[in-house]
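2 protein chains.
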Amino acid sequence: MKPEETIDFHIKRTWQSIAKMYNEEAGKYGATMAIGFVLLNVDPKEGTPSTSLGPKMGIEATSLSRVLKNMQEQGLIERRPNPKDGRGVLIFLTDFGKEKRADAKRAVVRFNEVVFSELPKQKVKHFFEVTETINELISSKKVYTQAYEPND
Amino acid sequence: MKPEETIDFHIKRTWQSIAKMYNEEAGKYGATMAIGFVLLNVDPKEGTPSTSLGPKMGIEATSLSRVLKNMQEQGLIERRPNPKDGRGVLIFLTDFGKEKRADAKRAVVRFNEVVFSELPKQKVKHFFEVTETINELISSKKVYTQAYEPND
């Protein structure tokens, strides 16, 4: 089995292409993909606890806090005490952050519209079923269980 | 369009699940996914120029050099001058590295066998067609061209 024949190679390569594209597009706005993701993951009305952003975005706390610091310096976000959690912090978007959130959203929607418009619905459906199956197999810890025998 | 409805969300999430799983599996052998990938990407007979590993693996030069240093300390690889490039370095696997390469290969093959055995061929075919289309759209720079109008 060559790397090009494995499913993980294609998933990784595709994710890396997307990340590169998003970073290039964000660069046109003086931003990065990570900044765009934070903008999209912060609730524009209620704010979002800083501790829940990392898990949502799948990035590590140290990387996240670097991104948040940078965003605060750029005037995209504000930190406010969380009234429901004495030691917690809520991240809010500034008006400028909300504007930039709209740009980030447009970029994500555009990419997805282009992809969906190029592909028959059935293929996209199968694509999502495959990712779903992979995630289930992994989260159920079936892959590396001695007892499990692939059924072919 | 919610994040869960975008194709990039699912690709990212699936790649992160796979990376987590590979890191956990590699951990059982005292290794990491990155070490496993280097073992798999080094030609076990001819060696591989260190400069070609980064692009092959899609990781940055600074991360790669940390991984290679670690692997050399563990006796998995050796660096030798590249006879075809005066300033270049070839990475070779030691006998211990070759043993560990077989473990890494087994883990990758196992994961792929389990995935393929759970899914009808047609779905997997469509999955690969979708990733191919995405990669083509991105590399042809079609996504963020003003002129391009999604055809639906």
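The listed protein sequences correspond, in order, to chains A and B.
Each residue of the first sequence is one higher than the one before, counting from 1 in our numbering.
Each residue of the second sequence is one higher than the one before, counting from 153 in our numbering.
C-beta: ideal position from N, C-alpha, C; glycine also.
Nearest C-alpha to L191/B among T283/B, E288/B, D160/B and Q226/B: Q226/B. Within chain B, the residues placing a beta-carbon under 9 Å from that of T133/A are V267, E270, L271 and K275, ordered along the chain.
Restricting attention to K12/A, R13/A, E60/A and S52/A, the CA atom closest to the CA of V89/A is found in S52/A.
Judged by beta-carbon spacing, P44/A lies within the 7 Å limit of L93/A, meaning their Cβ atoms are closer than that value. Restricted to the region 56-130 of chain A, the beta strand (DSSP E) segments that are unbroken, complete and at least 3 residues in length are 77-82 and 85-93, listed in chain order. Judged by beta-carbon spacing, G58/A lies within the 7 Å limit of Q168/B, meaning their Cβ atoms are closer than that value.
Listed in chain order, the non-local C-beta contacts of P155/B below 7 Å within the same chain comprise F161, local neighbours out to five positions each way being set aside.
Excluding residues up to 5 positions away in sequence, I187, V190 and I229 lie with their Cβ nearer than 7 Å to the Cβ of M223/B in the same chain. Rounded to whole angstroms, the separation of the alpha carbons of Y174/B and A259/B is 8 Å. Against chain A, the CB of S292/B has no partner CB under 7 Å away; the residue lies outside that interface. Between F263/B and V143/A, the C-beta gap is smaller than 7 Å, which places the two residues in contact.
Contact check between the region 119-138 of chain A and the region 93-105 of chain A: fewer than three CB pairs, one atom from each, fall below 8 Å, which does not count as touching. The secondary-structure analysis by DSSP pairs T48/A across a beta bridge with I91/A. In the three-state reduction of the DSSP assignment, T14/A falls in the helix class. Nearest neighbour of K293/B by Cα position, chosen from R80/A, M1/A, E5/A and E25/A, turns out to be E25/A.
At the C-beta level, P201/B and N234/B come within 7 Å of one another. Relative to the Cα of E198/B, the nearest Cα in the group V267/B, S291/B, I243/B and Y181/B belongs to I243/B. Between I159/B and V115/A, the CB-CB gap stays under 7 Å. Counting along the chain, the unbroken alpha helix (DSSP H) around G188/B starts and ends at M185 to N193.
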